[in-house]
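Written below as structure tokens is the structure these notes are about.
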Amino acid sequence: MIKVGYIGLGLMGKSIARNILKGGFPLVVHNRSRAAVDELVSEGAEAAFSPAEVAAKVDVVFTNLPDSPDIIEVVQGTNGILSGGKSGLIYIDNSTIKPAVSRTIYNALAEEGISALDAPVSGGDIGAQNATLSIMVGGDSKALEKVLPVLKCTGKTITHVGAAGAGQIAKAANQIMVAAQMVAMAELLIFSQKAGADPQKVIEAIRGGAAQCWTLDVKPPRLFSGNRTPGFKAYMQAKDLNIVMETAREYGIPLPSTAIDMQLYTAMLQQNLGMEDNSAVIAILENLAGIHLNEYGNQEAL
Numbered sequence: 003m004i005k006v007g008y009i010g011l012g013l014m015g016k017s018i019a020r021n022i023l024k025g026g027f028p029l030v031v032h033n034r035s036r037a038a039v040d041e042l043v044s045e046g047a048e049a050a051f052s053p054a055e056v057a058a059k060v061d062v063v064f065t066n067l068p069d070s071p072d073i074i075e076v077v078q079g080t081n082g083i084l085s086g087g088k089s090g091l092i093y094i095d096n097s098t099i100k101p102a103v104s105r106t107i108y109n110a111l112a113e114e115g116i117s118a119l120d121a122p123v124s125g126g127d128i129g130a131q132n133a134t135l136s137i138m139v140g141g142d143s144k145a146l147e148k149v150l151p152v153l154k155c156t157g158k159t160i161t162h163v164g165a166a167g168a169g170q171i172a173k174a175a176n177q178i179m180v181a182a183q184m185v186a187m188a189e190l191l192i193f194s195q196k197a198g199a200d201p202q203k204v205i206e207a208i209r210g211g212a213a214q215c216w217t218l219d220v221k222p223p224r225l226f227s228g229n230r231t232p233g234f235k236a237y238m239q240a241k242d243l244n245i246v247m248e249t250a251r252e253y254g255i256p257l258p259s260t261a262i263d264m265q266l267y268t269a270m271l272q273q274n275l276g277m278e279d280n281s282a283v284i285a286i287l288e289n290l291a292g293i294h295l296n297e298y299g300n301q302e303a304l
């Protein structure tokens, strides 16, 4: 039986780790905040007090952390995975970070005989809870084959995209589409409301046609009920778009629409809305339009 470690038990990580545990794999967990560790220990996991300790005890170690600097610290820093891991260990990163950083980590670990897979996920907190995530994998196919039984406990769709960093490129591409859908949904709701149609009826009319997408299926009911809590936090969406734009500049790729979406999410941060759901970008457009989308879909002047 493969023994698994999981580092980073946030909104997504805790659910993913729990599904690995439910899959019957022995699990060692570590997190800066101990409450999540204690919760999983009560369900059968083993606690560790550093990334190095996790890496020393397991065959496969996952991370799920906010950004590139966090991954660099946990992998290469004091008491990091590199200092505790042994040759033959497989490292899997569920975080969303820069592709270039994933490649750097891959090379550093390879020098010590450790395989690395960048395996960011999509599907939100619901997908993490229900083990229906889409997992985009970069790295060696042989390492992926060994850990597939573990990944299948957490995701419904597992795609080997290519070499190291390719999983992160796929996730960045995913976030381009997610942001575009959130902004487009906000625009169509405000357009419908201010032009005199019931936005709820408009959603019913269009989501069975060419406009159908996950965003229109899931997000409008939350917005209509006044629920703008995450979900996927807006500040993380802004972080991911920053990764997209930095990578685009590195390769000279023009992304005009994504640049505008990035500005809208930056405005959310400036208005202290970063902890709300990424669909709450509608608030920025509401302010510009001078209306508020209330729970009945009727027009309210701000």
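Under the working numbering, residues 3 to 304 are what the sequence shown spells out, in order. The beta-carbon is built from N, C-alpha and C at its ideal position, and this holds for glycine as well.
Measure the CB-CB distance between residue i and residue j and report whether it falls below 8 Å.
| i | j | result |
| --- | --- | --- |
| Ala-172 | Thr-156 | no |
| Val-139 | Gly-90 | no |
| Pro-53 | Val-76 | yes |
| Arg-230 | Glu-278 | yes |
| Lys-241 | Asp-69 | yes |
| Leu-67 | Leu-42 | no |
| Ala-110 | Gln-78 | yes |
| Ile-192 | Leu-257 | no |
| Ala-166 | Tyr-253 | no |
| Ser-35 | Asp-127 | no |
| Phe-226 | Gln-202 | yes |
| Ile-4 | His-32 | no |
| Gly-82 | Glu-55 | no |
| Val-246 | Ala-197 | no |
| Gly-46 | Leu-13 | no |
| Met-187 | Lys-221 | yes |
Work out the CA separation of residue j and residue i for me, nearest whole Å.
| i | j | result |
| --- | --- | --- |
| Leu-153 | Ala-145 | 12 Å |
| Thr-305 | Asn-96 | With the chain running from 3 to 304 in the structure shown, residue 305 is simply not present. |
| Ala-19 | Leu-29 | 8 Å |
| Ser-259 | Gly-141 | 30 Å |
| Ala-291 | Val-204 | 19 Å |
| Ser-104 | Val-62 | 17 Å |
| Leu-275 | Lys-88 | 43 Å |
| Ile-92 | Glu-113 | 13 Å |
| Phe-51 | Asp-40 | 12 Å |
| Ile-284 | Ala-118 | 38 Å |
| Pro-122 | Thr-98 | 6 Å |
| Leu-84 | Ala-57 | 8 Å |
| Gly-125 | Pro-71 | 24 Å |
| Val-352 | Thr-80 | Any property of residue 352 remains undetermined from this structure, which presents the chain solely from 3 to 304. |
| Tyr-298 | Leu-190 | At Tyr-298 the pLDDT is 47, less than 50, meaning the model places this residue with poor confidence and gives no usable figure here. |
| Asp-200 | Gly-15 | 38 Å |
| Ala-261 | Cys-215 | 22 Å |
| Ile-74 | Pro-232 | 27 Å |
| Asn-289 | Arg-251 | 31 Å |
| Gly-115 | Ser-44 | 34 Å |
| Thr-106 | Thr-249 | 15 Å |
Let me check understanding here. Comparing Cα to Cα, which of the options lies closest to residue i?
| i | options | result |
| --- | --- | --- |
| Ala-182 | Asn-280, Ala-130 and Gly-164 | Asn-280 |
| Glu-48 | Gly-198, Met-14, Gly-292 and Gly-7 | Gly-7 |
| Thr-159 | Val-123, Val-283 and Ser-136 | Ser-136 |
| Gly-129 | Gly-82, Asn-21, Gly-115 and Ala-261 | Asn-21 |
| Asn-244 | Asn-289, Leu-295, Gln-273 and Ile-178 | Ile-178 |
| Thr-217 | Lys-196, Ile-255, Ile-4 and Met-184 | Met-184 |
| His-162 | Asp-200, Ala-188 and Ile-94 | Ile-94 |
| Phe-27 | Gly-15, Val-60, Met-14 and Glu-189 | Val-60 |
| Met-238 | Gly-198, Ala-282 and Thr-80 | Ala-282 |
| Asp-120 | Lys-148, Gly-164 and Pro-151 | Gly-164 |
| Val-149 | Lys-221, Met-264, Gly-228 and Gly-25 | Gly-25 |
| His-294 | Ala-37, Asn-176 and Gly-228 | Gly-228 |
So who's on the other strand from residue i, going by DSSP bridges?
| i | result |
| --- | --- |
| Val-63 | Gly-7 and Tyr-93 |
| Val-112 | Checking the sequence, you will find Ala at residue 112 rather than Val. None; Ala-112 has no bridge partner. |
| Val-139 | His-162 |
| Ser-117 | Ile-92 |
| Glu-48 | Val-30 |
| Asp-279 | Lys-235 |
| Val-123 | Ile-137 |
| Gly-167 | Beta-bridge pairing links Gly-167 to no other residue. |
| Gly-157 | Leu-135 |
Could you tell me whether any non-hydrogen atom of the ligand NAD is closer than 7 Å to the CB of residue i?
| i | result |
| --- | --- |
| Gln-131 | As presented, the structure is devoid of all ligands, the ligand NAD included, so that no description of it is given. |
Tell me whether the region 267 to 274 and the region 209 to 220 touch, counting them as touching only if at least three CB pairs, one residue from each stretch, are closer than 8 Å.
no
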